[in-house]
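**Q** Using the UniProt record's numbering, the letters of the sequence shown correspond one by one to residues 1 to 353.
Here a beta-carbon is modelled for each residue, glycine too, at the ideal position from N, C-alpha and C.
Because the structure is a prediction, the values reported are computed rather than measured.
Sharing a structure here in structure tokens format.
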Amino acid sequence: MTTVAVQTQAQRKKSPLAGYLLRRGGTSLLLLLGVTIVTFLLTNLVPGDPVSAALGEGASQNPETREAFIKAHGLDQPLFVQYFIYMGNLLRGDLGTSLVTGQPVTADLAKAVPATIEIAICAIILSLAVSLVLGTLAAYRRGLVTDQVVRVVTLIGLSVPTFWLALVSFYFFFLNLGIAPGSGRISPSIIPPPRVTGLYTIDYLLNGDAVGWADAMAHLALPVMVLSLVTIGLLTRFIRTSVLEVLASDYVRAARAKGLPAMRVIVDYVLRGAALPVLTVVGVAFGALLSGTVLVESVFAWPGLGTYAYNSAANLDLPGIMGVGLVVGIIYLLINFIVDLLYGVLDPRVRIA
């Protein structure tokens, strides 16, 4: 074996995490290419006439106008040629022009995505905090009244349709009691913050606007609670199961036999041992939250990705539909990549698997 080969092997052994990240990054790029293919094919196979939808009923009846539009957008080319045109435009950051707003899809998504990310992040943080407490408590009180109550509550959370809960919450807390803002991200009398991150709560804090921050938080509260209920049910059940498995392990029994304080056993041994399987479910739950925002955003008139997707689908706005599908796919891939990364950091065995 040559000296160079020995050095190369030694470098690989020194940085297993870097090799792990490269493998996961390469896999993510291949999956992203697959997302573009699936998104393009599914969108173009949707029944309907995108030319008529784009030109309108009057202009679409004119053969010359119709022919010019088809040639200008390459719709007379075979589907695989259209895909390469789409990819060429995509690499230049051009997702087309929305038929609904008349604006570039990229600009529309730049406004809608932060609104959805803000509501989804708040919902997953609230869900994880509540689920950790309920799931751990139910596991420690297995078979007792506390455990039964938690299981019933989580079952209700999983059974209630999100759309129905959003409508009931809107009627009860806004129309009936008047203790929650009606719709949108902020009140009409409040000026939006200068854009930094696109997340209103963060941007108001960065600009030191306490009134705007309080108004944005008030508008977030109700949709976040609605989105969180189902996620709390899912995460609590999984955390309970994971904690029960860890509690039965030898190292936890040894820690308890040594007389360590209960809180230290929970934090240092139980929750750390249950972190890996829970991490995967949190990633899946966050992706499900993004999907669930379509209905919730419609009820609360939240100007996010869900509302934009609904309007695009209702108006056969193919550029808008493909843009939303691509962004959601990228977010899913990013979440999975982060979860894989955390797996590699928390468990060294994963890096060399």
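(1) Among 246, 233, 261, which residue has its Cα nearest to the Cα of residue 129?
(2) Check the DSSP bridge columns for residue 104 and list the partner residues they point to.
(3) Return the first residue and the last residue of the alpha helix (DSSP H) that residue 79 is part of.
(4) Measuring CB to CB, does residue 160 end up less than 8 Å from residue 227?
(5) Taking the alpha carbon of residue 218 as the reference point, which residue from 207, 186, 205 has its own alpha carbon closest?
(6) Are at least three pairs of beta-carbons, each pair with one atom in the stretch 93–110 and one in the stretch 312–327, less than 8 Å apart?
(7) Going by beta-carbon coordinates alone, are residue 243 and residue 135 separated by less than 8 Å?
(8) Using the rule of at least 16 other Cβ atoms within 10 Å of the residue's Cβ for burial, across every protein chain shown, is residue 358 buried or exposed?
(9) Please list, in chain order, all residues of the same chain as residue 310 whose beta carbon is under 7 Å from its beta carbon, the five residues on each side excluded.
(10) Under three-state DSSP, which class holds residue 188?
(11) Enumerate in chain order the residues of its own chain whose CB-to-CB distance from residue 337 is below 8 Å, with the five nearest sequence positions on each side excluded.
(12) Assuming residue 296 contacts residue 112 (C-beta within less than 8 Å), just tell me the rounded distance between them.
(13) Can residue 222 and residue 189 be called in contact, C-beta distance under 8 Å?
(14) Does the beta-carbon of residue 263 have 16 or more other beta-carbons within 10 angstroms, so that it is buried, or is it exposed?
(15) In or out: residue 1 buried (at least 16 other Cβ within 10 Å) or exposed?
(16) What residue range does the alpha helix (DSSP H) around residue 215 cover?
(17) Measure how close the beta-carbons of residue 339 and residue 271 come, nearest whole angstrom, since I'm counting them as under 8 Å.
(18) Over the uninterrupted alpha helix (DSSP H) stretch that includes residue 147, give me the two end residues.
(19) Can you have a look at residue 142 and say buried or exposed, based on whether 16 or more other CB atoms are within 10 angstroms of its CB?
(20) If you draw a straight line from the C-alpha of residue 125 to the C-alpha of residue 117, how long is it?
(21) Tell me, to the nearest whole angstrom, how far the beta carbon of residue 323 is from that of residue 42; I am working on the premise that it is less than 8 Å.
(22) Hey, which unbroken runs of the alpha helix (DSSP H) at 4 residues or more fall wholly within the stretch 251–282?
(23) Using the C-alpha atoms, what's the distance from residue 127 back to residue 171?
(24) If we ignore side chains and look at the alpha-carbon of each, how far apart do residue 71 and residue 35 end up?
(25) Given this structure, state the Cα-to-Cα distance separating residue 4 from residue 341, to the nearest angstrom.
(26) Quick check: the Cα distance between residue 277 and residue 201, rounded to an integer number of angstroms?
**A** Walking through what the data contain:
(1) Position 129 of the sequence shown, counted from the start, is the residue given in the question as residue 129. Nearest Cα to residue 129 within the set 246, 233, 261: 233.
(2) By one-based count along the sequence shown, residue 104 stands at place 104. According to DSSP, which records beta bridges pairwise, residue 104 is partnered with 97.
(3) Here residue 79 refers to the residue found at position 79 of the sequence shown. Residues 79–91.
(4) For the purposes of this step, residue 160 is taken as the residue at position 160 of the sequence shown. For the purposes of this step, residue 227 is taken as the residue at position 227 of the sequence shown. No, they are not a contact pair.
(5) For this step, residue 218 is matched to residue 218 along the sequence shown. Of the listed residues, the one whose Cα sits closest to residue 218 is 186.
(6) Between the stretch 93–110 and the stretch 312–327, the count of Cβ pairs shorter than 8 Å is three or higher; the stretches touch.
(7) Here residue 243 corresponds to residue number 243 of the sequence shown, with the count starting at 1. Here residue 135 corresponds to residue number 135 of the sequence shown, with the count starting at 1. Yes, these two residues count as a Cβ contact at 8 Å.
(8) Lying outside 1 to 353, the shown extent of the chain, residue 358 is not represented and no answer is given.
(9) Locating residue 310 in the sequence shown gives position 310, counting from the first residue. Taken in chain order, the residues that qualify are 294, 298.
(10) One-based indexing of the sequence shown puts residue 188 at position 188. Coil.
(11) In the sequence shown, counting from the first residue as 1, residue 337 sits at position 337. Residues 24, 25, 28 of the same chain have their beta carbon placed closer than 8 Å to that of residue 337, with the five preceding and five following residues left out of the count.
(12) Along the sequence shown, one-based indexing puts residue 296 at 296. Along the sequence shown, one-based indexing puts residue 112 at 112. With 8 Å as the limit, residue 296 and residue 112 do not qualify as a contact, their Cβ atoms being about 14 Å apart.
(13) Reading the sequence shown from its first residue, position 222 is the one you call residue 222. Reading the sequence shown from its first residue, position 189 is the one you call residue 189. No. Outside cutoff.
(14) Numbered from 1 along the sequence shown, position 263 holds the residue referred to as residue 263. The residue in question, residue 263, is exposed, as its Cβ has fewer than 16 Cβ neighbours within 10 Å.
(15) The residue given as residue 1 occupies position 1 in the sequence shown. At residue 1 the pLDDT is 49, less than 50, meaning the model places this residue with poor confidence and gives no usable figure here.
(16) Translated into positions along the sequence shown, residue 215 becomes position 215. Annotation: the continuous alpha helix (DSSP H) that includes residue 215 extends over 210–247.
(17) Indexing the sequence shown from 1 puts residue 339 at position 339. Indexing the sequence shown from 1 puts residue 271 at position 271. Not a contact, Cβ separation roughly 17 Å.
(18) Numbered from its first residue, the sequence shown carries residue 147 at position 147. In the DSSP assignment, residue 147 falls within the alpha helix (DSSP H) that extends over 145–159.
(19) What you label residue 142 is simply residue 142 of the sequence shown in a count that begins at 1. Exposed, because fewer than 16 other Cβ atoms sit within 10 Å of the Cβ of residue 142.
(20) Here residue 125 corresponds to residue number 125 of the sequence shown, with the count starting at 1. Here residue 117 corresponds to residue number 117 of the sequence shown, with the count starting at 1. Distance between the alpha carbons of residue 125 and residue 117: 12 Å.
(21) The sequence position of residue 323 within the sequence shown is 323, counting from 1. The sequence position of residue 42 within the sequence shown is 42, counting from 1. Cβ-Cβ separation between residue 323 and residue 42: approximately 13 Å, too far for a contact (criterion under 8 Å).
(22) Runs of the alpha helix (DSSP H) spanning 4 or more residues and lying entirely within the stretch 251–282 occur at 262–265, in chain order.
(23) As a working note, residue 171 is residue 171 in the sequence shown. As a working note, residue 127 is residue 127 in the sequence shown. So the two alpha carbons sit approximately 23 Å from each other.
(24) Within the sequence shown, numbered from 1, the residue matching residue 71 stands at position 71. Within the sequence shown, numbered from 1, the residue matching residue 35 stands at position 35. Here the C-alpha atom of residue 71 lies approximately 26 Å from the C-alpha atom of residue 35.
(25) Looking up residue 4 in the sequence shown gives position 4. Looking up residue 341 in the sequence shown gives position 341. Bear in mind that a pLDDT of 48 at residue 4, under 50, signals an unreliable position, so the number given afterwards is only what the model happens to contain. The straight-line gap from Cα to Cα measures roughly 30 Å.
(26) As a position in the sequence shown, residue 277 is number 277, starting the count at 1. As a position in the sequence shown, residue 201 is number 201, starting the count at 1. If I take the Cα positions, the gap works out to 31 Å.
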